[in-house]
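Right, one structure below, let's go through it.
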Amino acid sequence: MTATQPTTGPGTETADQAAVAAAPSGARAGGDLRETLYFALRNPKVLVGGVVVLGFLVLGLVGPSFLRYAPMDYAGPPMAPPSADFPLGTTTFGQDVFAQFVAGLRSTFLVGVLGGAVAAVIGMTIGFVAGYRGGLIDELLNMLTNVVLVIPGFVVLVILNAYLGVRSVPMQALYIGVFSWPWVARAVRSQTLSLRSRDFIDLARLSGVGVGTILRREVAPNMYSYLFMTFVLLFGGSILTAASLDFIGLGPTNAMSLGLMMNQAVQWSALHLGLWWWFVPPGLGITLIVGSLYIMNVGLDEVFNPKLRET
Amino acid sequence: MLTLDRLDKVYKTGTFGTSDLHAVRQVSLDVRRGEVVSLIGESGSGKSTIGKMVLHLLDSSGGTITFDGRDVTSLGFRERREYYRRVQGVFQDPFSSFNPIFKVDRTFETLRRSYFPRVSSSDWRGRLEEALGAVSLQPGDILGKFPHQLSGGQLQRLLIARALLLDIDLLVADEIISMLDASTRIDVLNLLVELKSRGLGILFVTHDLSLGNYVSDRVVILYKGRVVERGVTSAVFDDPLHPYTRDLLASVPHLDRTWEDVEAEEAERSANLAGRCLYHEALAAQGRAFGEEAEAADGVPDGVGLVEHTPGHFVGCFRLAADDDCPAA
Chain U
1 MTATQPTTGP GTETADQAAV AAAPSGARAG GDLRETLYFA LRNPKVLVGG VVVLGFLVLG
61 LVGPSFLRYA PMDYAGPPMA PPSADFPLGT TTFGQDVFAQ FVAGLRSTFL VGVLGGAVAA
121 VIGMTIGFVA GYRGGLIDEL LNMLTNVVLV IPGFVVLVIL NAYLGVRSVP MQALYIGVFS
181 WPWVARAVRS QTLSLRSRDF IDLARLSGVG VGTILRREVA PNMYSYLFMT FVLLFGGSIL
241 TAASLDFIGL GPTNAMSLGL MMNQAVQWSA LHLGLWWWFV PPGLGITLIV GSLYIMNVGL
301 DEVFNPKLRE T
Chain A
1 MLTLDRLDKV YKTGTFGTSD LHAVRQVSLD VRRGEVVSLI GESGSGKSTI GKMVLHLLDS
61 SGGTITFDGR DVTSLGFRER REYYRRVQGV FQDPFSSFNP IFKVDRTFET LRRSYFPRVS
121 SSDWRGRLEE ALGAVSLQPG DILGKFPHQL SGGQLQRLLI ARALLLDIDL LVADEIISML
181 DASTRIDVLN LLVELKSRGL GILFVTHDLS LGNYVSDRVV ILYKGRVVER GVTSAVFDDP
241 LHPYTRDLLA SVPHLDRTWE DVEAEEAERS ANLAGRCLYH EALAAQGRAF GEEAEAADGV
301 PDGVGLVEHT PGHFVGCFRL AADDDCPAA
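Order-wise, the sequence lines are chains U and A.
Here the first sequence is numbered in full-length UniProt numbering, starting from 1 and rising by one per residue.
Here the second sequence is numbered in full-length UniProt numbering, starting from 1 and rising by one per residue.
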């Protein structure tokens, strides 16, 4: 990181001042964003993690339009190892594993992002409000959090899935999100509690700004890396929960997912038959995506917290 | 300008909020324009609590706060915004007064967004530089830095500059000197004196007697949430009456006197006042017998009441905590 040393000192400062002088309003916010990006793009952890996650995402988004076979088509010879025609081989039934993998990536990302986002939004809202307002509101929200926390989420998910019979990927993500937020609320609440007593919060109140602004502009930025990490954990958790649901036969009926692929691989004894190309790609895919997000998070911690920057 | 009348703060403590903790008891005081009033007391005396209540960071449990003739005891969000245009605070710890992950400029930017959204960038920049100049800081050295890159004294002066941007009438300075080095201390103190001469009222919260003596026109001595003595600085410091004030003053080393001198003087004064209570003596002179506490003329119980001993010098009952017994009883 020594290469960045000269540019972070006087260089950025003059750039900032120039921005302040040039643009009439909103220049500071833009400058901060640009600076955050500047440090983010020079952080190897963020870069490596981001490239891997983005790579999978692009593959999932663009890949299907370049495929010759649909994921469920009986396209080729059964149990064929990887070859030029089938880059990841075929299943017991001659389905193209690569086509399944690409389609699975899509729904896996969808479940992860949607489930993670739903849980993050609910959990953070409740955590921030409970921690900042305190008093009766805190106690009520805490009670709600604890009630949802002790509900055996997975069992309820099974019942909901079976009873409502809606078997689409977005609904699955929604169910997962609605039951996985309590720990986020608790963690965010305790962090907010400790930040609330700091003087800069009082100073923001003395600047006449409202609760929402204080939470958004003063409390949350101190927890950005933590909030991102929360999202990463929720993302990974959603994927794994979805895979478990898929595994017990409550997965989406009309779509493919990485969890479903592993489920089918186990069901058709791919492990014993030595069809490694069937179960390794989905497992590796999940591991790489979640792992890269973790690595990104460590790097983002350095980006968000100026004290950790290796300047 | 600012008047506190029998201000109370009670915290509920215990497992189910069963017992009360009186952090501030029936405190009455006033701050005028161009005047520094020191609130002196040890930790837990309620001095910071009073400052926070004046700034509306804490709700009061009883009594009234009046600012320029208007009752500001409870304010809605909009009224509070307007109140903050004229009343600002600076806190003890400069490092925790800035959000550590942002540059210090952002504190000013928040203020601008909130109160001066229509002021142009260059105009604002001019005002900012003027305010920084008033606290003798060079804008080039300060702006664009993170809080951890600046010293406590610089940060503390930045906070005062922030308050000055609003053209305030009252500044609540909560222990603003105690975290600073000796060398930067005097700069901030002189700054306060200069602000005073511009007509600013300052409520100076401190535990340090010599600081109180140095800057303030009047002092209020607090002990366990109640005012034990208050008055013009010279009167209180030259002739401390309440046992707590005497103890407090006797514990400060003097540059011009030796320990023996101070000890002898204090011994004489305590011999003179031992077993007496000027508060109850004054009440007796008004024809009220000892023990008629509940019938005090203005409804203030004896435990927290004050009498004017000499003009401008008030003293409370010589009991220490409000629920102890009076030594003269």
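Think of the CB as a built atom: it goes at the ideal place given N, C-alpha and C, for glycine as much as any other residue.
As the structure is a computational prediction, the values presented were derived from the model and not from experiment.
Can you tell me which of the options puts its alpha carbon nearest to the alpha carbon of residue i?
{"i": "residue 273 of chain A", "options": "A:235, A:319 and A:14", "result": "A:319"}
{"i": "residue 258 of chain U", "options": "U:74, U:94 and U:101", "result": "U:101"}
{"i": "residue 94 of chain U", "options": "U:73, U:104, U:114 and U:103", "result": "U:73"}
{"i": "residue 215 of chain A", "options": "A:221, A:188 and A:122", "result": "A:188"}
{"i": "residue 149 of chain A", "options": "A:102, A:195 and A:111", "result": "A:102"}
{"i": "residue 114 of chain A", "options": "U:179, U:128, U:213 and U:77", "result": "U:213"}
{"i": "residue 81 of chain U", "options": "U:192, U:50 and U:279", "result": "U:279"}
{"i": "residue 46 of chain A", "options": "A:24, A:81, A:61 and A:197", "result": "A:24"}
{"i": "residue 231 of chain A", "options": "A:220, A:156, A:33 and A:88", "result": "A:220"}
{"i": "residue 120 of chain U", "options": "U:163, U:236 and U:53", "result": "U:236"}
{"i": "residue 33 of chain U", "options": "U:168, U:269, U:99 and U:221", "result": "U:221"}
{"i": "residue 310 of chain A", "options": "A:268, A:327 and A:241", "result": "A:241"}
{"i": "residue 213 of chain A", "options": "A:225, A:248, A:116 and A:168", "result": "A:248"}
{"i": "residue 216 of chain U", "options": "U:174, U:127, U:62 and U:308", "result": "U:127"}
{"i": "residue 284 of chain A", "options": "A:307, A:155 and A:56", "result": "A:307"}
{"i": "residue 158 of chain U", "options": "U:289, U:252, U:84 and U:210", "result": "U:252"}
{"i": "residue 369 of chain U", "options": "U:145, U:98, U:299 and U:244", "result": "Lying outside 1 to 311, the shown extent of chain U, residue 369 of chain U is not represented and no answer is given."}
{"i": "residue 50 of chain U", "options": "U:290, U:177 and U:238", "result": "U:290"}
{"i": "residue 272 of chain U", "options": "U:79, U:62 and U:68", "result": "U:79"}
{"i": "residue 105 of chain A", "options": "A:92, A:129, A:179 and A:83", "result": "A:129"}
Under the assumption that residue i contacts residue j (Cβ atoms under 8 Å), give the Cβ distance between them as a whole number of angstroms.
{"i": "residue 191 of chain A", "j": "residue 160 of chain A", "result": "6 Å"}
{"i": "residue 227 of chain A", "j": "residue 303 of chain A", "result": "Contact flag wrong, Cβ pair sits at about 11 Å."}
{"i": "residue 250 of chain A", "j": "residue 266 of chain A", "result": "5 Å"}
{"i": "residue 5 of chain A", "j": "residue 63 of chain A", "result": "6 Å"}
{"i": "residue 275 of chain A", "j": "residue 235 of chain A", "result": "Actually they do not touch by this definition, with Cβ atoms about 24 Å apart."}
Mapping DSSP to helix, strand and coil, what is residue i?
{"i": "residue 1 of chain A", "result": "coil"}
{"i": "residue 115 of chain A", "result": "helix"}
{"i": "residue 148 of chain U", "result": "helix"}
{"i": "residue 23 of chain A", "result": "strand"}
{"i": "residue 272 of chain U", "result": "helix"}
{"i": "residue 328 of chain A", "result": "coil"}
{"i": "residue 287 of chain U", "result": "helix"}
{"i": "residue 18 of chain A", "result": "coil"}
{"i": "residue 64 of chain A", "result": "strand"}
{"i": "residue 12 of chain U", "result": "At residue 12 of chain U, the pLDDT of 38 sits below 50, so the modelled position is not reliable; the number obtained from the coordinates is stated separately. It is helical."}
{"i": "residue 248 of chain U", "result": "coil"}
{"i": "residue 86 of chain U", "result": "coil"}
{"i": "residue 319 of chain A", "result": "coil"}
{"i": "residue 208 of chain U", "result": "coil"}
{"i": "residue 175 of chain A", "result": "coil"}
{"i": "residue 105 of chain A", "result": "helix"}
{"i": "residue 135 of chain A", "result": "coil"}
{"i": "residue 91 of chain U", "result": "coil"}
{"i": "residue 122 of chain U", "result": "helix"}
{"i": "residue 42 of chain A", "result": "coil"}
{"i": "residue 207 of chain A", "result": "coil"}
{"i": "residue 184 of chain A", "result": "helix"}
Compute the Euclidean distance between the alpha carbons of residue i and residue j, then round it to the nearest angstrom.
{"i": "residue 223 of chain A", "j": "residue 45 of chain U", "result": "56 Å"}
{"i": "residue 207 of chain A", "j": "residue 109 of chain A", "result": "32 Å"}
{"i": "residue 304 of chain U", "j": "residue 41 of chain U", "result": "12 Å"}
{"i": "residue 1 of chain U", "j": "residue 44 of chain A", "result": "Its pLDDT being 36, under 50, residue 1 of chain U is placed unreliably in this model, and the value from its coordinates should be taken loosely. Their backbone Cα atoms lie some 48 Å apart in a straight line."}
{"i": "residue 278 of chain A", "j": "residue 61 of chain A", "result": "30 Å"}
{"i": "residue 205 of chain A", "j": "residue 240 of chain U", "result": "56 Å"}
{"i": "residue 143 of chain U", "j": "residue 12 of chain A", "result": "21 Å"}
{"i": "residue 65 of chain U", "j": "residue 160 of chain U", "result": "34 Å"}
{"i": "residue 125 of chain A", "j": "residue 191 of chain U", "result": "35 Å"}
{"i": "residue 38 of chain U", "j": "residue 47 of chain U", "result": "12 Å"}
{"i": "residue 96 of chain U", "j": "residue 86 of chain U", "result": "6 Å"}
{"i": "residue 105 of chain U", "j": "residue 188 of chain U", "result": "30 Å"}
{"i": "residue 296 of chain U", "j": "residue 18 of chain A", "result": "49 Å"}
{"i": "residue 302 of chain U", "j": "residue 227 of chain U", "result": "14 Å"}
{"i": "residue 229 of chain A", "j": "residue 194 of chain A", "result": "27 Å"}
(request) Could you run through the stretch 82-97 of chain A and flag, in chain order, every residue whose CB is less than 7 Å away from some CB of chain U? (result) Residues of the stretch 82-97 of chain A with a C-beta atom less than 7 Å from some C-beta of chain U are 84, 88, 89, 91, 93, 96 and 97, listed in chain order.
(message) Taking beta-carbon pairs under 7 Å, can you tell me which members of the stretch 143-163 of chain A lie near chain U?
(response) Answer set for the stretch 143-163 of chain A: 144, 146 and 148.
(message) Please list, in chain order, the residues of the stretch 304-319 of chain A that have any C-beta partner in chain U closer than 7 Å.
(response) Within the stretch 304-319 of chain A, no residue has a Cβ that lies closer than 7 Å to any Cβ of chain U.
(request) Name, going along the chain, the residues of the stretch 64-87 of chain U whose beta-carbon falls closer than 9 Å to a beta-carbon of chain A. (result) Within the stretch 64-87 of chain U, no residue qualifies.
(message) Taking beta-carbon pairs under 8 Å, can you tell me which members of the stretch 188-199 of chain U lie near chain A?
(response) Result list: 198 and 199.
(request) Anything in the stretch 205-218 of chain U with a Cβ closer than 8 Å to a Cβ of chain A? List those residues in chain order, please. (result) Listed by position along the chain: 205, 206, 207, 208, 209, 210, 217 and 218.
(request) Below 9 Å between beta carbons is the criterion; list the residues of the stretch 37-51 of chain U that meet it against any residue of chain A, in chain order. (result) None of the residues of the stretch 37-51 of chain U has a beta carbon lying less than 9 Å from any beta carbon of chain A.
(message) Which residues of the stretch 47-74 of chain A have a Cβ closer than 9 Å to any Cβ of chain U? Give them in chain order.
(response) Residues passing the 9 Å Cβ filter: 52, 55, 56 and 57.
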